[in-house]
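4 protein chains.
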Amino acid sequence: MIRFESDYLEGALPEVMQALNETNLAQTPGYGEDEYCARAAAMIRERCAAPEAHVHFLVGGTQANLTVIAAALRPHQAAVAAVTGHIAAHETGSVEATGHKVITLESGDGKIRAAQVRELVEAHWADSTHEHQAQPALVYLSQPTENGTVYSLAELEEMSALCREKGLLLFVDGARMGAALVSTDVTLPDLARLTDVFYIGGTKLGALFGEAVVITNEGLNRDFRYIIKQRGGMFAKGRLLGVQFAALMTDGLYERTARREVELALRLRAAFEAKGWPLRYDSPTNQQFPIVPDGALAKLAEKYSFSEWGRVDPGHRAVRFCTSWATKSEDVDALRADIEKL
Amino acid sequence: MIRFESDYLEGALPEVMQALNETNLAQTPGYGEDEYCARAAAMIRERCAAPEAHVHFLVGGTQANLTVIAAALRPHQAAVAAVTGHIAAHETGSVEATGHKVITLESGDGKIRAAQVRELVEAHWADSTHEHQAQPALVYLSQPTENGTVYSLAELEEMSALCREKGLLLFVDGARMGAALVSTDVTLPDLARLTDVFYIGGTKLGALFGEAVVITNEGLNRDFRYIIKQRGGMFAKGRLLGVQFAALMTDGLYERTARREVELALRLRAAFEAKGWPLRYDSPTNQQFPIVPDGALAKLAEKYSFSEWGRVDPGHRAVRFCTSWATKSEDVDALRADIEKL
Amino acid sequence: MIRFESDYLEGALPEVMQALNETNLAQTPGYGEDEYCARAAAMIRERCAAPEAHVHFLVGGTQANLTVIAAALRPHQAAVAAVTGHIAAHETGSVEATGHKVITLESGDGKIRAAQVRELVEAHWADSTHEHQAQPALVYLSQPTENGTVYSLAELEEMSALCREKGLLLFVDGARMGAALVSTDVTLPDLARLTDVFYIGGTKLGALFGEAVVITNEGLNRDFRYIIKQRGGMFAKGRLLGVQFAALMTDGLYERTARREVELALRLRAAFEAKGWPLRYDSPTNQQFPIVPDGALAKLAEKYSFSEWGRVDPGHRAVRFCTSWATKSEDVDALRADIEKL
Amino acid sequence: MIRFESDYLEGALPEVMQALNETNLAQTPGYGEDEYCARAAAMIRERCAAPEAHVHFLVGGTQANLTVIAAALRPHQAAVAAVTGHIAAHETGSVEATGHKVITLESGDGKIRAAQVRELVEAHWADSTHEHQAQPALVYLSQPTENGTVYSLAELEEMSALCREKGLLLFVDGARMGAALVSTDVTLPDLARLTDVFYIGGTKLGALFGEAVVITNEGLNRDFRYIIKQRGGMFAKGRLLGVQFAALMTDGLYERTARREVELALRLRAAFEAKGWPLRYDSPTNQQFPIVPDGALAKLAEKYSFSEWGRVDPGHRAVRFCTSWATKSEDVDALRADIEKL
């Protein structure tokens with residue numbers, strides 16, 4: 064079985080494993096207060112052109128999402144997300160478990176637009192019974208989205224301006240940030256400048272695990288480590304996160320790896336298009352979503368794994384193929400050839 | 064600086080690192096549904112003589128504690144713990160953040176007694192206003208305790224019998240379980256037989272991270288994976304936990320490592336006693352708590368690190384020295400020699 | 064100003080005030096453990112033909128909703144409601160504040176259908192990643208709905224059968240239950256037989272305040288009074304609730320009052336229809352929702368109060384007129400005459 | 064049976080009932096946005112000499128406590144209370160259910176001292192692992208305490224100064240505020256000046272129900288009505304609270320009633336002392352706690368009700384006798400006579 068079902072099927076990049084092996088016997092304080100974390104944080108601040116930013120390393124995405132949102136909101140405040148946003152759809156109500164409603168906005172492609180948020184917020188405040196409704200207070204975006212689509216710089220700037228106008232926080236989930244960095248005009252300095260908090264995903268880009276949360280809003284950062292600890296995210300051997308992110312941030316490894324996985328994905332996309340299979344979403348990133356006839360899918364499933372993404376019509380289903388840092392070029396070639404032969 | 068301040072200063076045992084390196088490129092499904100986790104769970108079930116037990120792998124101790132307790136209790140129910148219990152004293156109110164009170168019982172040594180729990184529970188139900196109080200519903204023990212002390216099999220059996228008599232759940236935090244296994248008459252099969260849920264700590268015994276939660280109570284296990292996900296503990300590359308625990312459970316590595324670290328700790332203890340330094344707690348495990356004159360401490364602090372455990376009198380403080388899988392025998396010898404020379 | 068904006072504009076029915084005045088100096092134990100509550104509960108059990116049912120008196124609707132749902136669900140479980148359901152739309156995220164997601168279903172008229180719930184639940188369990196989603200576990204209906212519409216007995220039976228088939232709890236919010244009892248074929252015994260829990264609203268039908276929660280599911284009732292206390296709903300002078308509900312349940316006062324308010328509302332409805340104003344919802348109850356030209360509304364607003372229910376098109380808005388136990392027949396006549404003259 | 068077991072055995076003062084009866088048919092907007100609430104709030108602001116203060120009316124004490132604390136704290140922050148404080152001992156973990164730990168301080172008489180809070184707070188911040196502990200952020204006092212004791216102005220000023228020095232909020236639970244106002248040198252203007260938020264209890268002083276929450280801290284007041292709604296405390300017919308508090312604040316009714324109930328209580332106290340029964344607490348308020356021989360208690364219990372307050376030794380128990388607005392002078396005389404005769 065050649066696996067394309069997700070981008071977290073393997074361990075970590077050789078450079079990351081090597082760094083872990085080399086530092087294995089070093090003695091450091093726990094809980095992220097070590098020199099490796101300090102160094103990785105400094106590298107990230109530099110890459111973000113945000114010398115004042117605070118960087119916290121967490122183990123996973125759901126943990127990062129719930130910790131940031133719990134830290135950011137008062138009890139009556141809600142996060143606003145696309146109906147397909149990870150916090151709305153795939154985290155078992157983890158935000159609600161911290162006490163907060165997730166207000167969902169319709170989305171065809173996984174993105175939400177500033178105009179939608181504006182309408183929601185203005186309707187809230189215009190309603191004389193607004194105290195009877197959860198108050199929209201934070202916008203959650205995924206870059207790229209769960210459907211592989213991306214926000215452009217212009218879109219992100221518009222959303223950021225709206226949030227500042229309306230007093231909302233802007234939070235970007237970057238579980239697959241690498242893939243967005245190499246396929247959009249949005250850079251890390253843009254994210255640092257335009258959001259209150261975002262994270263750079265390691266789990267889905269070559270680390271064993273880890274998300275680097277970058278906070279530029281001082282108020283939000285206040286006592287943030289208490290919240291990490293309270294939510295179970297204070298990693299005892301925190302230095303493992305610092306070691307991994309330092310490796311990823313060295314010599315452009317993070318972007319180089321992203322670029323390679325995206326190139327492989329685009330080769331798959333070209334094969335789907337050549338075959339005449341429509342794409343469910345227009346994704347420039349490492350996730351591709353062809354709509355495939357059932358018969359062809361059954362054939363492919365004998366040799367390849369992929370994820371279900373919903374039935375489109377009685378004869379076709381959308382599926383997801385992912386590439387990752389570990390995807391082999393020859394496996395992509397094999398799949399392309401098999402598609403062509405179908 | 065030679066470090067004795069905690070038992071999570073280094074990475075992982077060579078056998079664990081080797082297993083991670085060897086399996087790094089294997090492709091597996093995520094979220095703990097892989098063959099490595101399945102194998103490690105089977106090994107643990109066998110070691111626990113509990114073929115029906117459910118095993119879940121979590122990343123850390125606070126996460127394990129809050130996930131188990133959130134899964135176990137209805138909203139009005141409380142956990143009962145020693146005032147020094149980790150959930151009461153060192154987890155930033157993580158249990159309260161899931162909505163539950165932690166009722167604390169006094170403890171001189173870190174342990175609580177069945178008689179204390181009996182008195183609490185009987186007083187609760189005897190009080191005509193008991194509905195105005197949180198209902199004690201789960202007993203939380205640490206084995207060994209945060210002070211290095213341990214429950215004997217007789218004590219654990221008494222607590223278990225009481226819990227069953229009164230309808231309380233019994234939960235044992237085994238973050239340092241290895242040290243208890245080699246210094247008490249309580250075995251893994253005893254824990255599986257006498258508790259509803261306990262865990263076997265990896266983070267503090269030779270793994271990079273990880274706690275193996277063993278649930279023998281079927282009702283508690285129902286939908287447990289939803290709760291793991293909701294609390295941010297569903298690890299994407301879950302197989303990393305399976306790989307590590309499989310290594311720890313192979314050829315007695317876990318107990319062998321525990322035995323060595325405890326032997327080193329007892330050599331330190333002997334040095335403290337030879338020097339006439341009283342022990343704050345009577346610990347047979349890898350944490351030792353001498354009460355040391357301030358002058359001697361200042362001298363030691365030039366060369367060794369340790370943890371503060373509170374002032375005892377104007378001239379003395381209690382401190383903690385920990386050994387771990389990575390502690391070097393020669394470092395223990397050096398410390399012993401330096402103590403003798405003081 | 065003649066007020067039709069809601070059905071909680073005045074105090075209480077004369078019979079209710081009289082009962083409160085007459086019992087004012089009686090001495091009783093607190094917290095609902097008095098003879099008045101016992102008597103009112105017995106009357107309700109009898110009216111529900113449910114001799115085993117448990118009756119709890121709470122002060123208000125939001126409190127009743129959040130208390131029942133907090134008592135009913137485990138942390139990963141969700142309530143299912145119409146997108147217009149009170150818990151979804153007008154309670155400031157109170158259910159989320161107890162940790163639970165509210166999954167919303169589309170609704171044109173305020174009702175949800177068994178087929179919608181079936182589809183949701185079956186999709187949940189069919190999804191291999193269901194543990195990553197909140198688990199639908201309780202269906203919340205309002206009878207009548209927030210839009211004045213009602214479930215028929217056939218509809219309620221179908222929903223109940225589905226819930227039992229799928230293992231979901233069925234909870235009916237009866238804040239305006241009286242209006243439903245006199246305009247549908249659903250009786251109190253039907254509700255007791257078909258749901259796990261429902262309530263009979265007093266606040267909106269002639270009491271100063273109060274909702275009588277009827278629980279027929281033994282497991283749900285377990286320790287329910289703890290949850291009431293924990294959520295701030297344990298009323299010190301609980302007998303005030305018993306006194307009021309006993310008055311409402313005496314000599315058919317509750318239904319008689321409901322019948323009168325509904326008749327007045329239907330007279331308003333007839334006037335709207337005669338005028339050619341379409342009705343936003345087909346309500347047989349005490350809330351009526353005409354779609355009115357802006358000019359006519361402005362005219363009416365000089366003399367009458369009503370609630371906004373949203374713009375329908377550039378020239379028309381939907382509004383809500385409510386009648387209550389205190390609505391005067393001559394006020395209804397005056398409004399009818401003024402509408403005719405417009 | 065003549066009842067002294069609590070101060071919420073009866074309905075409301077005649078003046079309060081009269082006001083409710085007289086306003087019964089008035090039509091007002093709901094949710095506390097009516098003229099009665101506005102007027103009562105203005106009267107309270109004037110009595111507090113706090114023209115900028117915000118006044119919110121809630122139905123009960125537990126609701127007031129949990130709403131204020133939920134509004135005040137970030138997730139990792141804790142309330143500090145006496146171990147006997149109502150939120151710690153008699154509210155079924157309602158504060159924990161909003162996610163916050165209650166840190167308890169030892170107390171012999173129900174009061175806590177500024178020095179205790181100082182020690183706690185300074186120890187927290189001095190501990191290098193403070194992020195692993197809930198952060199003390201709000202001090203909760205009861206005036207009078209659950210044991211009838213009271214804070215003097217000097218004590219309250221010292222606590223207030225400490226809270227401001229350390230950045231903690233100060234919250235005073237005034238469920239029995241009237242009894243404190245007439246037995247200490249602490250006035251309502253003092254409370255408004257020295258605390259961030261406190262409340263004036265109606266339930267236990269002549270109202271059917273209701274607590275008037277006075278907030279002088281602008282930040283805490285922000286969006287407070289959302290929190291009230293979310294926690295189920297937004298009373299539909301909110302004007303009932305305004306009507307009652309306006310009556311209590313008219314012509315000194317509140318203090319006059321308090322003075323009378325305290326005088327009756329002190330007459331009971333004199334009888335206990337004359338009999339040689341020690342007092343468990345030195346209470347100048349309407350709750351008195353004699354320590355009574357078992358035989359005498361059994362005799363009294365034939366004719367009088369009172370509350371258990373714990374066994375003191377094998378032959379004696381502490382009990383509580385309460386007076387209230389409704390206590391009859393002749394009942395107090397009868398009890399005094401019966402005690403004398405014992």
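Protein chains in written order, with our numbering: chain C, 64 to 405; chain E, 64 to 405; chain X, 64 to 405; chain Y, 64 to 405.
The beta carbon of each residue, even a glycine, is placed where N, CA and C say it ideally should be.
Predicted, not measured: the structure shown is a model, and the values here were computed from it.
Measure the Cβ-Cβ separation of residue i and residue j and say whether it is below 8 Å.
{"i": "I290/Y", "j": "A134/Y", "result": "yes"}
{"i": "I107/E", "j": "V306/E", "result": "no"}
{"i": "V146/Y", "j": "L168/Y", "result": "yes"}
{"i": "K362/Y", "j": "L331/Y", "result": "no"}
{"i": "V395/Y", "j": "P353/Y", "result": "no"}
{"i": "R399/X", "j": "W372/X", "result": "no"}
{"i": "A334/E", "j": "E403/E", "result": "yes"}
{"i": "Y94/X", "j": "G301/X", "result": "yes"}
{"i": "A75/X", "j": "A275/X", "result": "no"}
{"i": "A141/Y", "j": "A151/Y", "result": "no"}
{"i": "L206/C", "j": "V235/C", "result": "Note that residue 206/C is Gln in the sequence shown here, rather than Leu. In contact: Q206/C and V235/C (Cβ atoms closer than 8 Å)."}
{"i": "L360/X", "j": "R374/X", "result": "no"}
{"i": "L233/X", "j": "M222/X", "result": "yes"}
{"i": "K267/E", "j": "A243/E", "result": "no"}
Does any C-beta atom of chain X lie closer than 8 Å to the C-beta of residue i?
{"i": "R137/Y", "result": "no"}
{"i": "Q307/Y", "result": "no"}
{"i": "G93/Y", "result": "yes"}
{"i": "M312/Y", "result": "no"}
Any C-beta of chain E sitting closer than 8 Å to the C-beta of residue i?
{"i": "M240/C", "result": "no"}
{"i": "H195/X", "result": "yes"}
{"i": "E154/C", "result": "yes"}
{"i": "Q126/C", "result": "yes"}
{"i": "T86/C", "result": "yes"}
{"i": "R58/C", "result": "Given a span of 64 to 405 for chain C in the structure shown, any question on residue 58/C remains unanswerable."}
{"i": "Y203/C", "result": "no"}
By the DSSP assignment, the alpha helix (DSSP H) with residue i in it spans what residues?
{"i": "E281/X", "result": "E281 to N284"}
{"i": "L303/E", "result": "R302 to L311"}
With a cut-off of 8 Å, does the C-beta of residue i fall near any C-beta of chain C?
{"i": "E461/X", "result": "In the structure displayed, chain X extends from 64 to 405; residue 461/X sits before or after that span and is not available."}
{"i": "S157/E", "result": "yes"}
Contact criterion: CB-CB distance below 8 Å. Does residue i meet it with respect to chain Y?
{"i": "G296/E", "result": "no"}
{"i": "I290/C", "result": "yes"}
If you follow the beta strand (DSSP E) that residue i is part of, which residue opens it and which one closes it?
{"i": "Y262/E", "result": "V260 to G264"}
Point to revise | Ranges of the beta strand (DSSP E) found wholly within the segment 162-226 of chain C, counting only runs of at least 3 | key: 165-168 and 198-205
Practice item. Inspect the CB distances between the segment 154-169 of chain Y and the segment 207-214 of chain Y and report whether three or more fall short of 8 Å. Key: No: the two stretches stay apart, fewer than three of their Cβ pairs being nearer than 8 Å.
Practice item. Report yes or no: do three or more beta-carbon pairs, one from the segment 316-330 of chain E and one from the segment 279-293 of chain E, lie closer than 8 Å? Key: no
Point to revise | Segments assigned beta strand (DSSP E), at least 3 residues, entirely inside the segment 314-398 of chain E | key: 354-356, 370-376 and 379-385
Exercise for review: Decide if the segment 382-392 of chain E is in contact with the segment 75-84 of chain X; the criterion is three or more beta carbon pairs, one per stretch, under 8 Å apart.
Suggested key: no
Exercise for review: Entirely within the segment 78-166 of chain E and at least 4 residues each: give me those alpha helix (DSSP H) ranges in chain order.
Suggested key: Fully enclosed alpha helix (DSSP H) runs of 4 or longer: 98-110, 124-135, 149-152 and 157-160.
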